[in-house]
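Below: one structure, written as structure tokens.
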Amino acid sequence: MYSCSDLKKGLKILIDGEPHVIAQFDFTKPGKGQALYRCKLRNMVTGALFDRTYRSGESFAPASLEERDMQYLYQDESGYVFMDTQTYEQISLSEATLADDKYFLVDNMEVKILVFNDMGIGITLPNFVNLRVTKSDPWVKGDTAAGNSKPATVETGYTLQVPPFVEEGTLIQIDTRTGDYVTRVKA
Amino acid sequence: MNRRLAAKRDRLIERARIVQSIRAFFISRGYLEVDTPQRLPVNAPELHIDAVASGDWDLQTSPELAMKRLLAAGYEKIFQLSHCWRDLERGRRHLPEFTMLEWYRSGCDYRQTMVECELLLRHLVPSGSLCYRNRTVDLQAPFERLSVSAAFRRYCSCEAAAALAEDRFDELMAVVIEPLLGRETPTILYDYPAELAALARRKPEQPELAERFELYIAGLEIANAFSELTDPVEQRRRFEADEAARRQRHKRPRPLPEPFLGAMEDLPPAAGIALGIDRLIMLLTDAEAIDDVVSFTPEEL
Numbered sequence: 167m168y169s170c171s172d173l174k175k176g177l178k179i180l181i182d183g184e185p186h187v188i189a190q191f192d193f194t195k196p197g198k199g200q201a202l203y204r205c206k207l208r209n210m211v212t213g214a215l216f217d218r219t220y221r222s223g224e225s226f227a228p229a230s231l232e233e234r235d236m237q238y239l240y241q242d243e244s245g246y247v248f249m250d251t252q253t254y255e256q257i258s259l260s261e262a263t264l265a266d267d268k269y270f271l272v273d274n275m276e277v278k279i280l281v282f283n284d285m286g287i288g289i290t291l292p293n294f295v296n297l298r299v300t301k302s303d304p305w306v307k308g309d310t311a312a313g314n315s316k317p318a319t320v321e322t323g324y325t326l327q328v329p330p331f332v333e334e335g336t337l338i339q340i341d342t343r344t345g346d347y348v349t350r351v352k353a
Numbered sequence: 025m026n027r028r029l030a031a032k033r034d035r036l037i038e039r040a041r042i043v044q045s046i047r048a049f050f051i052s053r054g055y056l057e058v059d060t061p062q063r064l065p066v067n068a069p070e071l072h073i074d075a076v077a078s079g080d081w082d083l084q085t086s087p088e089l090a091m092k093r094l095l096a097a098g099y100e101k102i103f104q105l106s107h108c109w110r111d112l113e114r115g116r117r118h119l120p121e122f123t124m125l126e127w128y129r130s131g132c133d134y135r136q137t138m139v140e141c142e143l144l145l146r147h148l149v150p151s152g153s154l155c156y157r158n159r160t161v162d163l164q165a166p167f168e169r170l171s172v173s174a175a176f177r178r179y180c181s182c183e184a185a186a187a188l189a190e191d192r193f194d195e196l197m198a199v200v201i202e203p204l205l206g207r208e209t210p211t212i213l214y215d216y217p218a219e220l221a222a223l224a225r226r227k228p229e230q231p232e233l234a235e236r237f238e239l240y241i242a243g244l245e246i247a248n249a250f251s252e253l254t255d256p257v258e259q260r261r262r263f264e265a266d267e268a269a270r271r272q273r274h275k276r277p278r279p280l281p282e283p284f285l286g287a288m289e290d291l292p293p294a295a296g297i298a299l300g301i302d303r304l305i306m307l308l309t310d311a312e313a314i315d316d317v318v319s320f321t322p323e324e325l
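Chains A and Z, in that order, are what the protein sequence lines are.
Every position in the first sequence, counted from 1, becomes a number in our numbering once 166 is added.
Every position in the second sequence, counted from 1, becomes a number in our numbering once 24 is added.
Spelled out as structure tokens, the structure:
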């Protein structure tokens with residue numbers, strides 16, 4: 167069990183049987199009064215955000231979430247399907263759960279899936295992914311007004327800013343944590 | 025290069041200037057700067073303040089008791105800038121080790137201390153207004169005086185005494201009332217339920233209230249003050265009740281501060297105040313977090 171002094175941003179606790187993560191946290195204490203622990207909590211299943219204030223003396227059950235090594239298989243009507251590399255069990259994640267991470271999935275990619283009660287509720291991708299540029303206008307020499315980057319679209323439909331020398335068909339590395347261009351990849 | 029630390033340079037320079045200006049203010053008004061020990065056999069027992077142990081003794085949670093012993097020995101106007109420690113207090117506006125300004129004055133009550141707060145702030149901010157988090161607070165006008173009971177009625181539509189009885193006082197204060205205080209001018213929130221002022225004098229005409237006030241500026245709690253309780257019998261009774269409540273909550277048992285209780289026999293009518301220097305610097309340098317106005321936080325040590 168956790169006590170109030172364990173509460174901090176990022177901690178995962180169980181409330182009414184569902185896993186919640188502390189999205190924002192502040193300790194406060196009105197003059198000479200009791201300590202109050204103000205949390206903005208996110209329900210990790212529904213994504214709902216809400217405020218709650220706790221007092222010293224309260225305790226919290228850790229949300230027992232399991233992070234499993236899985237492999238991305240394919241997308242179907244159930245969502246994005248992953249397979250546990252140990253047990254071969256399959257789990258699918260919804261498009262909403264994946265959010266922008268869906269753009270960085272490539273076949274057979276090894277990922278970590280956060281599982282709560284056999285339900286996939288989150289994903290951690292490798293930090294870097296290589297994707298091929300499918301569309302990017304050629305750089306017009308001397309076009310300084312456009313700055314030193316230009317838009318490019320990669321094979322998954324994701325659009326980002328790349329340096330002028332990146333052309334259609336180039337394989338580039340993208341940082342999945344920020345969604346930013348990192349470097350060209352020599353094939 | 026520690027960039028985080030280097031980036032604090034302007035605020036740390038301003039901090040030093042403000043502290044020097046505070047000293048000049050009190051010295052010019054005839055106050056004596058004192059320096060009492062920071063490691064004590066025991067602090068005043070307070071239900072919601074926990075000391076940091078230092079061997080068998082504790083680090084001070086406030087220099088209050090030592091300063092009142094000086095008052096009792098005839099030192100009439102004293103001030104001190106010192107570090108204080110309060111265990112497990114860490115947040116955007118809290119550090120477990122912080123800097124406190126306390127000043128005490130014989131022969132007056134909390135009303136004179138309210139005026140001194142106004143004078144000090146105007147001395148520190150010659151322009152007469154400050155801007156904190158995009159809110160401009162006027163320091164030239166008289167500070168708003170709002171009683172605790174009026175604040176509960178105005179902002180929570182309930183009675184302070186009822187909130188206290190239902191154990192909702194602190195939460196309503198922290199979550200609803202405090203953010204709304206000190207927005208146009210600083211707010212002096214005064215006359216707390218007597219239960220919430222262990223070392224303050226009761227109001228003679230309304231003994232259910234204590235002559236205690238807090239100063240708020242732009243939603244930040246800056247200082248806590250009161251007319252000092254001078255009755256040693258009443259003080260012992262309150263300390264015993266607080267210590268009993270602490271033990272009931274399985275807090276580390278502490279003896280009562282007997283030398284202080286002994287000195288109270290000689291304590292003249294007086295008022296005193298504790299002002300959080302780090303919060304004041306936050307306010308005067310428009311800093312979002314207390315971390316921004318100290319050289320190191322505990323996490324960085």
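Where is the CB? At the ideal position from N, CA and C, for every residue including glycine.
Bear in mind that the values here come from a model prediction, so they are computed numbers and not experimental data.
C-alpha distance - Asn274/A paired with Val348/A, whole-angstrom precision: 22 Å
C-alpha gap between Ala201/A and Arg169/Z, whole angstroms: 26 Å
His186/A, enclosing beta strand (DSSP E) - first and last residue: Glu184 to Thr194
Beta-carbon gap between Leu125/Z and Leu299/Z smaller than 7 Å: yes
Ser171/A: contacting residues in chain Z (beta-carbon distance under 7 Å): Leu112
Beta bridge counterpart(s) of Ser169/A as assigned by DSSP: Assignment of beta-bridge partners to Ser169/A by DSSP yields Ser225/A.
Reduced DSSP category for Leu163/Z - H, G, I as helix; E, B as strand; rest coil: coil
For Glu229/Z, the residue or residues it bridges with in DSSP: DSSP output for Glu229/Z lists no bridge partner at all.
6 Å Cβ shell around Gln190/A - same chain, five flanking residues per side excluded: Lys206
At least three beta-carbon pairs within less than 8 Å, the segment 235–247 of chain A to the segment 222–237 of chain Z: no
Limits of the unbroken alpha helix (DSSP H) element including Ser173/Z: Val172 to Cys180
Identified DSSP bridge partners for Val306/A: Partner(s): none; Val306/A has no beta bridge.
Option in Thr254/Z, Ala311/Z, Pro279/Z and Asp162/Z with minimal Cα separation from Arg93/Z: Thr254/Z
Neighbour flag for Ala48/Z against chain A, beta carbons, 7 Å: no
Residues, ordered as in the chain, of the segment 178–198 of chain A that lie near chain Z by beta-carbon distance below 9 Å: Phe191, Asp192, Phe193, Thr194, Lys195, Pro196, Gly197 and Lys198
Three-way DSSP call (helix, strand, coil) for Thr60/Z in this model: coil
Validate contact between the segment 148–155 of chain Z and the segment 218–232 of chain A using beta carbons, cut 8 Å, 3 pairs: Too few Cβ pairs lie closer than 8 Å, so no.
Phe294/A - DSSP class collapsed to helix/strand/coil: strand
Beta-carbon gap between Val355/A and Leu297/A smaller than 7 Å: It is not possible to answer for residue 355/A, since the shown part of chain A is limited to 167 through 353.
C-beta neighbour in chain Z for Leu207/A, strict 7 Å: Chain Z contact via Cβ: absent.
Residue of Leu213/Z, Arg110/Z, Ser106/Z and Phe103/Z minimising C-alpha distance to Asp82/Z: Arg110/Z
Per-residue contacts from His118/Z into chain A (C-beta, under 7 Å): Phe193 and Lys195
Proximity test, Val139/Z beta-carbon vs the ligand PLP heavy atom, cut-off 6 Å: By its list of ligands, the structure shown contains no ligand whatsoever, and the ligand PLP lies outside what it can speak to.
Buried versus exposed call for Ile301/Z [16 or more other C-beta atoms within 10 Å across all chains shown]: Under a 10 Å Cβ-count criterion, Ile301/Z is classified as buried, with 16 or more other Cβ atoms of the shown protein chains found around its own Cβ.
Minimum C-alpha distance to Gly323/A - residue among Ser302/A, Val306/A, Asn314/A and Ser315/A: Comparing Cα-Cα distances from Gly323/A to each of Ser302/A, Val306/A, Asn314/A and Ser315/A, the minimum goes to Ser302/A.
Contacting positions in the segment 151–174 of chain Z - beta carbon closer than 9 Å to chain A: none
Member of Pro317/A, Thr290/A, Asp341/A and Ile340/A whose CA lies at the smallest distance from the CA of Pro330/A: Pro317/A
Separation of Asp266/A from Val272/A, as counted between CA atoms: Straight across, the Cα-Cα distance linking Val272/A with Asp266/A is about 13 Å.
Inter-stretch contact (C-beta, 8 Å, three-pair minimum) for the segment 150–164 of chain Z and the segment 219–232 of chain Z: no
Closer than 7 Å to chain A by CB, Asn67/Z: no
Unbroken alpha helix (DSSP H) run spanning Gly286/Z, endpoints: Glu282 to Ala287
Contact residues within the segment 214–237 of chain Z, judged by C-beta distance below 7 Å to chain A: Correct list: Leu220.
Boundaries of the alpha helix (DSSP H) in which Glu202/Z is found, first to last residue: Looking at the DSSP string, Glu202/Z is not in any alpha helix (DSSP H), and its letter there is neither H nor E.
Identity of the residue in Leu71/Z, Gln44/Z, Pro210/Z and Phe263/Z nearest Leu285/Z by Cα: It is Phe263/Z whose Cα lies nearest to the Cα of Leu285/Z.
Cβ neighbour criterion (16 or more within 10 Å) applied to Ala51/Z: Inspection of the sequence shows that residue 51/Z is occupied by Ile rather than by Ala. Answer is exposed; the Cβ neighbour count stays below 16.
Residues in the segment 55–84 of chain Z having any Cβ partner in chain A nearer than 9 Å: Glu70, Leu71, His72 and Ile73
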